[in-house]
Amino acid sequence: MRPVWDVTLSGMDIPVHRKIWEWAFIAATLERHHLITPGLRGLGFGVGKEPLVSLFASQGCLVTASDQSVEEAVTSGWTASNQFAGNVNRMNEHGLCDPELFDRLVNFRTVDMRNIPDDLRDFDFTWSSCAFEHLGTIEDGIGFIVNQTECLRPGGLAVHTTEFNVSSNAGTISSGPTVLFREKDLKLIAKKLKRRGNSVTMDFRLGTSEFDRHVDRPPWSGAHLRLEHEGYEVTSYAVVVRKGTRSK
Ligand SMILES: C[S@@+](CC[C@H](N)C(=O)[O-])C[C@H]1O[C@@H](n2cnc3c(N)ncnc32)[C@H](O)[C@@H]1O
C-alpha cells in the first residue's frame with residue numbers, strides 16, 4: 541500500500557497514523573487466515589477510496605466493493621471529505637492492481653450498511669475500515685456488525701475497524717455523524733455474535749509505546765494513533781469475527 545502515502549516510492553517511513561493501522565490490520569489479519577488467495581471472494585463495505593480493494597484484487601481475490609449511493613454521500617458530506625470514490629476506477633488510483641485484472645475482478649455495489657441486500661451471500665471474507673461508526677447511532681453500528689455475518693460462508697472471516705472511546709466506558713457520543721464505541725458496546729457486539737454461534741476475538745490492551753500513549757490534538761502531529769475527539773480520547777479498534785458453521 542506504500543504508494544498511498546509515498547507516491548514517489550522514496551522509501552520514507554510508514555506514517556504512524558490510525559488510518560494506515562486500520563488498513564494494515566485488516567490486510568494482515570485476512571492474510572494470516574490465508575484469505576488473500578486467488579479465487580476467494582471478499583466483500584468490502586463503505587470502501588471510499590481505500591487501497592484495500594485494489595490490494596486484494598492484485599492478489600487475485602474476487603472483490604465486491606460497496607459504498608452508499610452518491611446522493612447519500614453528498615447529503616452526509618462524504619464527497620466533500622475526499623474519502624468517497626463514487627466510481628470504481630478511483631479505487632485503483634494508486635495503481636496497486638493491474639487495470640485489466642482490476643476490471644475483471646472488482647465489481648461495485650451501492651449498499652447502505654444499515655440495510656444489506658440479501659443477495660450478498662457466501663463471501664469468504666468481509667471487511668470495513670472507519671465506516672460503521674458513521675451509520676448514525678451506536679445501535680445502527682452494532683446492527684451492522686451482527687447483520688453482515690449473513691454475508692459470510694460458514695467459517696468465513698469478518699474484519700471491521702472503528703472508533704474506540706478509550707477514556708470512558710460511560711459517557712460517549714452515541715448518535716450523530718461519528719459515534720464512539722465504548723468497551724461495553726464492543727463487548728455487547730461480541731455477546732450478540734457469540735449467541736448466534738460465531739467466534740469473536742477481542743483485545744482491549746492499549747499498547748505501551750510512546751506512539752500508543754501520545755494523545756494527538758490540533759495542530760495535529762506526526763503521531764496519530766490516539767486522538768482527542770469532542771472531549772474523549774479515541775483510537776482505532778478492530779472486531780474480528782469467524783462465522784460459525786451452524787450460526788444463525
Ligand atoms: C471515513 S470514510 C472511510 C472510507 C474508507 N473505508 C477508508 O478507510 O478510507 C467512511 C465511509 O463510510 C461510508 N458510509 C457512511 N455511511 C454509510 C452507509 N450508511 N452505508 C454505506 N456506507 C456508508 C462513506 O460513504 C465513506 O465511504
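Position one of the sequence shown corresponds to residue 541 (the working numbering), numbered consecutively onward. Think of the CB as a built atom: it goes at the ideal place given N, C-alpha and C, for glycine as much as any other residue. Remember, it's a predicted structure, so these values are computed and weren't measured experimentally.
Boundaries of the alpha helix (DSSP H) in which residue i is found, first to last residue
i	result
W545	Segment: none, W545 is in no alpha helix (DSSP H) and carries neither H nor E.
S594	592–598
R782	Segment 772–782 is the beta strand (DSSP E) holding R782; no alpha helix (DSSP H) there.
Residue i versus residue j - alpha carbon distance
i	j	result
S669	A567	11 Å
M631	A605	9 Å
G584	S598	15 Å
Y772	S708	7 Å
S550	D643	29 Å
S715	T748	30 Å
Residue environment, residue i, which counts as buried when at least 16 other CB atoms sit within 10 Å
i	result
T666	buried
K783	buried
R581	buried
A564	exposed
L570	buried
D664	buried
F744	exposed
Beta strand (DSSP E) segment containing residue i, residue limits
i	result
W667	663–668
L583	581–585
T569	Careful: T569 lies outside any beta strand (DSSP E), inside the alpha helix (DSSP H) at 558–572.
9 Å Cβ cutoff met for residue i and residue j
i	j	result
G586	M653	yes
P555	G711	no
E673	T775	no
F721	N705	yes
D658	L692	no
V646	L660	no
L636	P591	yes
R766	V755	yes
H764	R542	no
I656	N687	yes
T689	V781	yes
Just checking, does the segment 614–627 make contact with the segment 696–708 on the three C-beta pairs under 8 Å criterion? Between the segment 614–627 and the segment 696–708 there are fewer than three C-beta pairs closer than 8 Å, too few to call the two in contact.
Between the segment 668–683 and the segment 721–740, do at least 3 Cβ pairs fall closer than 8 Å? Contact between the segment 668–683 and the segment 721–740 is present, because at least three Cβ pairs lie under 8 Å.
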